[in-house]
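Numbering (our numbering), first residue to last: 214 to 406.
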């Protein structure tokens, strides 16, 4: 039951991270000015310790699952933004020029050329974001987000080694399964092309 709570929190947060992060990353990949303006914010978001995210979340939104998802969203979004922008910027200019010479519109160029060529970088960002979201969902138990993180927290409070090991192994198992699912999806989608 607690594993399912963790997976549901992770699913909600990761879905929102990808929903907002990939388009923002594409925008930053296309606009040097926007990327330069956002770079200090992304650096700040990635260097700040995970526990520090909880303080303003508690102050503005209280405790519970929605604030936990919000903290996870903020913590997990920078990798997918950075790696999507990196992938879009890494598309060779000669490939883009050839596509434009053959009559590609901006939308077709993005959809059929840039995103497929940037997909390895985007998938790495998706994988990192999902695993960072999992780590933050566990930490978010400190503000009442429940799940496996709460089991770890209780085990720490009462020095319950067995319960802590069991919860830790469940978190490890979730991370490994999610990683394999994402990698398998990517390998299967690239083998079809």
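Virtual Cβ for every residue (Gly too), placed ideally from N, Cα, C.
Since the structure is predicted, the reported quantities are computational estimates derived from the model, not experimental observations.
Practice item. Return the CA-CA distance between residue 323 and residue 306, expressed in angstroms with no decimal places. Key: Just so you know, the alpha carbons of residue 323 and residue 306 end up roughly 13 Å apart.
Exercise for review: Measure the beta-carbon distance from residue 238 to residue 297 and round it to whole angstroms, keeping in mind my assumption that it falls under 8 Å.
Suggested key: 3 Å
Practice item. Determine the contact status of residue 335 and residue 270, defining contact as a CB-CB distance below 8 Å. Key: Judged by their CB atoms, residue 335 and residue 270 are not nearer to each other than the 8 Å cut-off.
Check your understanding: Beta carbon of residue 365, beta carbon of residue 381: below 8 Å?
Key -> A contact, by the Cβ cut-off of 8 Å.
Point to revise | Test item: CB-CB of residue 304 and residue 263 under 8 Å | key: no
**Study point:** Check: residue 343 C-beta below 7 Å from any heavy atom of the ligand ATP
**Key:** As far as ligands go, the structure on display features none, and thus does not contain the ligand ATP.
**Study point:** Where the alpha helix (DSSP H) containing residue 288 begins and where it ends
**Key:** 278 to 302
Exercise for review: Please say whether residue 356 and residue 280 have beta carbons closer to each other than 8 Å?
Suggested key: Contact flag set, yes.
Review point. Buried or exposed: which applies to residue 266, given that a residue is buried once 16 or more other Cβ atoms fall within 10 Å of its Cβ?
Key: buried
**Study point:** Entirely enclosed beta strand (DSSP E) segments - the region 246 to 273, minimum 3 residues
**Key:** none
Practice item. Provide the residue span of the alpha helix (DSSP H) that contains residue 324, from first to last. Key: No alpha helix (DSSP H) holds residue 324; DSSP gives it neither H nor E.
Check your understanding: Is residue 318 helix, strand or coil when you go by DSSP?
Key -> Looking at residue 318 - three-state DSSP - the assignment turns out to be coil, as it is neither helix nor strand.
Check your understanding: Around the Cβ of residue 370, are there at least 16 other Cβ atoms within 10 angstroms (buried) or fewer (exposed)?
Key -> exposed
Exercise for review: Report yes or no: do the region 311 to 326 and the region 280 to 292 share at least 3 C-beta pairs separated by less than 8 Å?
Suggested key: no
Practice item. Identify, in the order they occur along the chain, each residue of the same chain with its Cβ nearer than 7 Å to the Cβ of residue 352, setting aside the five sequence neighbours on each side. Key: 263, 264, 362
Practice item. Let me know the secondary structure DSSP gives residue 329 once reduced to three states. Key: Correct three-state label for residue 329: helix.
Review point. So, using beta-carbon positions, are residue 293 and residue 339 closer together than 8 Å?
Key: Taking 8 Å as the Cβ cut-off, residue 293 and residue 339 qualify as a contacting pair.
Check your understanding: So the alpha helix (DSSP H) residue 216 belongs to, where does it begin and stop?
Key -> Its alpha helix (DSSP H) spans residues 215 to 243.
Practice item. Buried or exposed for residue 214, please, with buried defined as at least 16 other CB atoms from any protein chain shown within 10 angstroms of its CB. Key: By the beta-carbon neighbour count (other beta carbons within 10 angstroms, threshold 16), residue 214 is exposed.
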